[in-house]
Each structure stands twice: as C-alpha cells, then as structure tokens.
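Visitor: In full-length UniProt numbering, the protein residues as written are 1 to 63.
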Amino acid sequence: MNPSIYRQAEELIPSMFRFLVLLSYERHHSKSIIGVPKIIQLCDGLMASGQPPLSHCEYSWDI
Numbered sequence: 001m002n003p004s005i006y007r008q009a010e011e012l013i014p015s016m017f018r019f020l021v022l023l024s025y026e027r028h029h030s031k032s033i034i035g036v037p038k039i040i041q042l043c044d045g046l047m048a049s050g051q052p053p054l055s056h057c058e059y060s061w062d063i
C-alpha cells in the first residue's frame, strides 16, 4: 500500500465523520440533512467490512 494514501485516509476519515456529525445538526426545509442513526450506520458498515478503518470507508447515501 502506498504510504501517502494511508496517511491521507488517516486524516480524511476522522474529519469526514466530524463533518457528518456537524451536518446532522443542520436542516434543509425543516428536514434533517443526515441523522445520527445514519452516521452510526456508516460507522458500523466501516467496522463490519473487515478493512482497516483508517484506509477504507464504505458508505451508501440514501438521503
């Protein structure tokens, strides 16, 4: 694995989840943009994938 990709993922994934948590507080036309249950689902999918969490992230946007 390319070390620069690993380092980028190591920085990106925590930032991405912080962004999603902040986004969960926002609303668009009184509808939540993303909810905490969806964020938890994304985290569960990442953990269940069996891939290293710092370098892989599976997600599905059904918003």
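From the three backbone atoms N, C-alpha and C, an ideal C-beta is built for every residue, glycine too.
When you compare only the Cα positions, how much space is there between H28 and K38?
Guide: Approximately 16 Å, taken between the alpha carbons.
Visitor: Which class does S30 belong to by DSSP, given the choice of helix, strand or coil?
Guide: Reduced to three states, the DSSP call for S30 is coil.
Visitor: Look at the alpha carbon of L12 and the alpha carbon of S30, and state the distance between them as a whole number of angstroms.
Guide: Cα to Cα, the separation comes out at about 29 Å.
Visitor: Please classify L42 as buried or exposed, where buried requires at least 16 other C-beta atoms within 10 Å of its C-beta.
Guide: Per the 10 Å Cβ criterion, buried.
Visitor: Between which residues of its own chain and L23 is the CB-CB distance below 7 Å, once the five residues before and five after are set aside?
Guide: Cβ neighbours of L23 beyond the five flanking positions: I33, I34.
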